[in-house]
Amino acid sequence: MLMNQGESDYTGKLERAAQLLQDHTGPVVLVTHIDPDGDAIGSCLGLQRTLRFLGKNAQTYASVPRYLNFLLENEDEILPPGVVLTPETLLVVLDVDSHDSKRVEGVTLEGTFPNFILNIDHHGTNVRKAQLSIVEPAKAACALMVAELVALLGVAFTRSIATPLFTGISTDTGSFRFTNTNSEVLEMASHLLSGGADLGFINESLSQTPHHMYRLQAQVLGTVEFLHGGLTITAQVNTAMLETVGASWEDVESLVGVIRSAEGTELAVLFKVYSEDSVKLSLRSRGRVSAQNIAIALGGGGHMAAAGVTVNASYAETRARFELEAVKEFSRVGMGSGL
Ligand SMILES: [Mn+2]
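When the letters of the sequence shown are read in order and numbered with the working numbering, they come out as residues 843 to 1181.
What follows is the structure, given as structure tokens:
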């Protein structure tokens, strides 16, 4: 694979990170992004357990969503956001740009960055301003990068370490179905399974749909529309729908996955109408168009296959802006004729 200059020394940087963590005697604080997903929590837990195995004082601060609680071995394994760093703390920021203060959760970093920061991330939009930024967009999951770091630290994949890392890789590859599922992903998944990652436990724990979700899905699926000659499927969800069925915004994350399998579509978009002037789009692509390009054009970010953006405008205006950018993206890849 051809890599650009900044990313050509991935292994060297990972080795530096391993050395840094080995040598560090003070506390290690791990944080990740807001609305943490399986990759975010899995990366933190995999690294935290590895560091504790090495005798380090390592602690994650994050808001664990209820559906990922099964990964925790005890209830205070991850503490709520709001840590105050001491000068001797090494800060590890996973699965998010350490310098994106709106997205980093757990610690307040606005303006000042007094501590040494190790940033491990696979988002190409990362500005790479940490003292050690390991950013590799070609990696399917941050948990894959952490697993490679764990191997460099010489720590074996036990059930306890492998299970969250496997969950992270599984989450960001859509259970090994997205196009980012390459041989490297499957090889690492194999190593993690050999180490005791419990695939059955992970998948059964992740497929525990709360009863109200079926009623929420009925409401959201009632809003489905097909645009762009059937290339795009959209749906929307708003506060009133959530209130009707007793659901929360946290419940909504998975719904874009429900619509993305529509026959003949290339793009799936779920509009989360937070208020009169705030709408979040969750975009999914099957791989021919870039969800990331559309999200970036609207002020957000993400990956080719999965991206998101919050637009401060009405639903109607947000939707109009989205449709414009989607047509541009379909045109860019030669699918725009007649749209
Ligand atoms: Mn990720």
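Here a beta-carbon is modelled for each residue, glycine too, at the ideal position from N, C-alpha and C.
All of these numbers come straight from a predicted model, not from anything done at the bench.
Since residue i and residue j are thought to touch, with beta carbons under 8 Å apart, how far apart are those beta carbons, to the nearest angstrom?
i, j, result
"Gly1143", "Gln1134", "7 Å"
"Leu1125", "Leu991", "Not quite, the Cβ-Cβ distance comes to about 30 Å (not below 8 Å), so this is no contact."
"Leu1123", "Val1111", "6 Å"
"Phe912", "Ser1047", "4 Å"
"Pro907", "Pro878", "7 Å"
"Thr1009", "Gly884", "4 Å"
"Val1131", "Glu1171", "5 Å"
"Ala993", "Leu1034", "In fact, because the Cβ distance is near 11 Å, the residues do not count as touching under 8 Å."
"Gln901", "Leu995", "Actually they do not touch by this definition, with Cβ atoms about 18 Å apart."
"Ile1136", "Ala1168", "6 Å"
"Ala1147", "Asn1022", "6 Å"
So, with DSSP's three-state summary, where would you put residue i?
i, result
"Gly1178", "coil"
"Asn968", "coil"
"Asn846", "Only weak support exists for where Asn846 lies, its pLDDT of 44 falling under 50; the coordinates are left without a value."
"Val1066", "coil"
"Phe958", "coil"
"Ala1168", "helix"
"Leu951", "coil"
"Asp963", "strand"
"Gly1143", "strand"
"Asn1022", "coil"
"Ile876", "coil"
"Gln1050", "coil"
"Asn1080", "strand"
"Thr867", "coil"
"Ala1162", "helix"
"Val1131", "coil"
For residue i, count neighbouring C-beta atoms within 10 Å of its own C-beta (all shown protein chains included) and say buried if the count is 16 or more, exposed if not.
i, result
"Ala1162", "exposed"
"Asn1045", "exposed"
"His1070", "buried"
"Gly859", "One point to set straight first is that residue 859 is Ala, not Gly, in the sequence displayed. Flag for Ala859 reads buried."
"Glu1108", "buried"
"Val1175", "exposed"
"His1053", "exposed"
"Gln847", "Per-residue confidence for Gln847 stands at a pLDDT of 45, beneath the threshold of 50, marking its modelled position as unreliable; the derived number appears in the next sentence. So Gln847 ends up on the exposed side."
"Gly854", "exposed"
"Tyr1056", "exposed"
"Gln1059", "buried"
"Asp1119", "exposed"
"Asn916", "exposed"
Hey, quick one: how far does the beta strand (DSSP E) through residue i stretch, first residue to last?
i, result
"Thr892", "Note, Thr892: premise wrong, no beta strand (DSSP E); alpha helix (DSSP H) at 880-895."
"Gly1150", "1148-1153"
"Lys1122", "1120-1127"
"Phe1113", "1109-1117"
"Ile976", "974-977"
"Ala835", "Within the shown structure, residues of the chain are numbered from 843 to 1181, placing residue 835 beyond reach of any answer."
"Ile936", "Checking the displayed sequence, the identity of residue 936 turns out to be Leu instead of Ile. Where Leu936 is concerned, the enclosing beta strand (DSSP E) stretches over 932-936."
Between residue i and chain C, is there a C-beta pair that is closer than 8 Å?
i, result
"Lys898", "Any reference to chain C falls outside this structure, which holds one protein chain only."
Under DSSP, the alpha helix (DSSP H) around residue i begins and ends at which residues?
i, result
"Val1098", "1097-1101"
Quiz item: Do the segment 976-990 and the segment 1012-1025 make contact, defined as three or more Cβ pairs closer than 8 Å?
Solution: yes
Self-check item: Given 8 Å, three or more beta-carbon pairs between the segment 956-965 and the segment 928-937
Solution: yes
Self-check item: Contact the segment 992-1008 vs the segment 1034-1041: 3+ CB pairs below 8 Å
Solution: yes
Quiz item: Per the contact definition of three or more C-beta pairs closer than 8 Å, is the segment 920-930 in contact with the segment 1054-1069?
Solution: no
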